[in-house]
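Final position of the sequence shown in the numbering used here is 271; the numbers increase by one with none missing.
Cβ atoms here follow ideal geometry from the backbone N, Cα and C, with glycine treated the same way.
Given the structure is predicted, the values throughout are model-derived calculations rather than measurements.
For reference, the structure is listed below as structure tokens.
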Amino acid sequence: MATYSLKDPIEITSGTGGVFGKQEAFLDPGCVQSGNAKEDCLFNPIAYNYGQAFSKAPLLRYLFNGVVVTLSIFFIQVLVALPCAYALSKLRFWGRELVFTMVLLGLLIPVHAIALPLYIMLSKVGLTNTYAALVIPWTISVFGIFLMRQFFMTVPDDLIDAARMDGMSEFAIVWKVMLPTAIPALLAFGIFSIVAHWNDYFWPRVVITGTRELFTPPLGIREFASGIDGSDYGPMMATACVIVVPLIVAFLLAQRRFIQGITLTGMK
4 MATYSLKDPI EITSGTGGVF GKQEAFLDPG CVQSGNAKED CLFNPIAYNY
54 GQAFSKAPLL RYLFNGVVVT LSIFFIQVLV ALPCAYALSK LRFWGRELVF
104 TMVLLGLLIP VHAIALPLYI MLSKVGLTNT YAALVIPWTI SVFGIFLMRQ
154 FFMTVPDDLI DAARMDGMSE FAIVWKVMLP TAIPALLAFG IFSIVAHWND
204 YFWPRVVITG TRELFTPPLG IREFASGIDG SDYGPMMATA CVIVVPLIVA
254 FLLAQRRFIQ GITLTGMK
């Protein structure tokens with residue numbers, strides 16, 4: 004992917020140029036066909052590929068949409084997952100294990116199995132082609148509930164009992180006691196959630212059909228695919244590189260906490 008973003012079209016199709024390409028100026032046929040002089044249509048491969056990535060499609064808009072959607076989903080998932088995980092790990096009530104079993108069974112249901120009823124529901128209430136259609140179906144994360152429950156099981160009951168003796172309500176315990184202790188696990192869950200929804204192509208492709216303004220980053224790659232004159236692989240791979248960079252940076256910044264969170268939740 005990164006290698007193709009550094010090469011000209013001839014090097015990409017012929018498989019030549021090594022890793023970084025020869026970096027020689029090449030003639031863009033599309034530019035010539037538009038009536039421009041040949042000397043104005045000579046481009047450096049890197050400048051051309053990354054320039055096209057931002058000029059041929061509103062890539063910054065797609066990146067903005069991706070940030071809005073993924074962060075909205077994550078924050079709402081946290082609001083739902085923390086109280087649920089606390090109840091399943093620290094509260095004693097009849098049927099708790101049955102409820103947790105149902106949560107685990109929810110992990111077995113693939114998104115494609117519920118895509119059609121979800122789409123019909125959103126269509127009937129007029130939410131297709133909106134941010135809500137991208138966010139609402141994923142606000143409850145079964146995996147998030149499971150992950151946070153596993154972490155809360157490691158929190159000593161004495162800490163919770165002390166909070167109750169101080170007069171704190173159960174909801175106050177969740178947000179003022181459990182939340183600060185769960186930061187490593189939340190960062191681990193955040194990596195899973197953000198990567199999954201940032202890279203999601205299937206669901207945005209289903210519910211966003213009327214406007215490019217709501218395209219997410221994976222949908223933006225479609226701008227460089229063509230069944231007539233072939234896909235523009237150089238700019239396509241440059242777009243893919245730009246899309247991946249935020250995920251790499253986020254993981255590197257949270258790497259230590261991510262590993263710590265996975266370790267504390269007991270996942271292998």
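Simplified DSSP assignment, three categories, for residue 96: coil
Roughly how many angstroms lie between the CA atoms of residue 48 and residue 111, to the nearest whole one? 45 Å
Helix, strand or coil for residue 231 per DSSP? No answer about residue 231 holds up, because its pLDDT of 49 lies below 50 and its placement is not dependable.
Quick check: what's the CA-CA separation for residue 215 versus residue 56? 15 Å
Could you have a look at residue 218 and say whether DSSP puts it in helix, strand or coil? coil
Every unbroken alpha helix (DSSP H) within the segment 146–208, with a cutoff of 4 residues, ordered by chain: 160–168, 173–176, 186–201
Beta-carbon contacts of residue 147 that lie in its chain and below 6 Å, excluding the five residues immediately before and after: 80, 84, 192
First through last residue of the alpha helix (DSSP H) which encompasses residue 52: 48–58
Three-state class that DSSP yields for residue 257 in the structure shown: coil
Can you round the beta-carbon distance between residue 119 and residue 223 to whole angstroms, since I take them to be within the 8 Å contact cut? Between residue 223 and residue 119 the Cβ distance is about 25 Å, and since that is not below 8 Å, they are no contact.
Test: residue 109 CB closer than 8 Å to a CB of chain C: Although the question refers to chain C, the structure presented lacks it and comprises just one protein chain.
Around the C-beta of residue 94, are 16 or more other C-beta atoms found within 10 angstroms, so that it is buried, or is it exposed? exposed
By how many angstroms is the C-alpha of residue 252 removed from the C-alpha of residue 279? The first residue shown for the chain is 4 and the last is 271, placing residue 279 beyond what the model contains.
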